[in-house]
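First up is the structure itself, then whatever we jot down about it.
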Amino acid sequence: MSGVIIPTPARSFVIDTRAGFASPTLHSRLDDLRAMVRSLLTELESLGLPVELEPEGKLNLDDELKRYEIGLIRAALDKADGSQTRAARMLGVKVTTLNTKIKRYQIMRRKW
């Protein structure tokens, strides 16, 4: 993954995933995956980001990751007083990438 900057929580998730999937059986791999997802959800909750369950207690990983990313972008923009350049630097992404995500997720400008 050269050239890709992975935020710390995601980096540890990737490392744990690689280590965990070295297990010999499918059952143990699924247990490892469940444990990693629980750990990620706990980390999201500790950051004050809402983690809502879908009906029947199901989680949608894509939706949760999107919510997490939106929360990080908003927090960076708040800390940067609305400056996309500074927020992008904080997040370790290019300004164009941040701008694309702001448009994709329709993140409205707050009064900074």
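For what it's worth, the working numbering labels the leading residue of the sequence shown as 89, then goes sequentially.
In this text, a Cβ means the ideal position worked out from N, Cα and C, and glycines have one as well.
For residue j and residue i, the rounded distance between their alpha carbons
{"i": "T173", "j": "S127", "result": "31 angstroms"}
{"i": "S111", "j": "A175", "result": "Residue placement at S111 cannot be trusted, given a pLDDT of 43 that sits under 50; the coordinates are not used to answer."}
{"i": "E152", "j": "L129", "result": "9 angstroms"}
{"i": "G159", "j": "D150", "result": "14 angstroms"}
{"i": "G136", "j": "K154", "result": "15 angstroms"}
{"i": "L121", "j": "G180", "result": "27 angstroms"}
Proximity of residue i and residue j at Cβ, strictly below 8 angstroms
{"i": "R192", "j": "G170", "result": "no"}
Other residues of its chain near residue i: CB distance less than 7 angstroms, five sequence neighbours each side excluded
{"i": "R162", "result": "I195"}
{"i": "K167", "result": "M178"}
{"i": "I190", "result": "I161"}
Cβ neighbour criterion (16 or more within 10 Å) applied to residue i
{"i": "E133", "result": "exposed"}
{"i": "L147", "result": "exposed"}
Cut-off 6 angstroms between Cβ atoms - residues of its own chain near residue i, not counting five sequence neighbours on either side
{"i": "L165", "result": "A175"}
{"i": "E157", "result": "none"}
Cut-off 8 angstroms between Cβ atoms - residues of its own chain near residue i, not counting five sequence neighbours on either side
{"i": "T188", "result": "none"}
{"i": "Y185", "result": "Correcting the residue type first, residue 185 is Thr in the shown sequence and not Tyr. If we look at T185 and ignore the five residues flanking it on each side, its Cβ neighbours are A176."}
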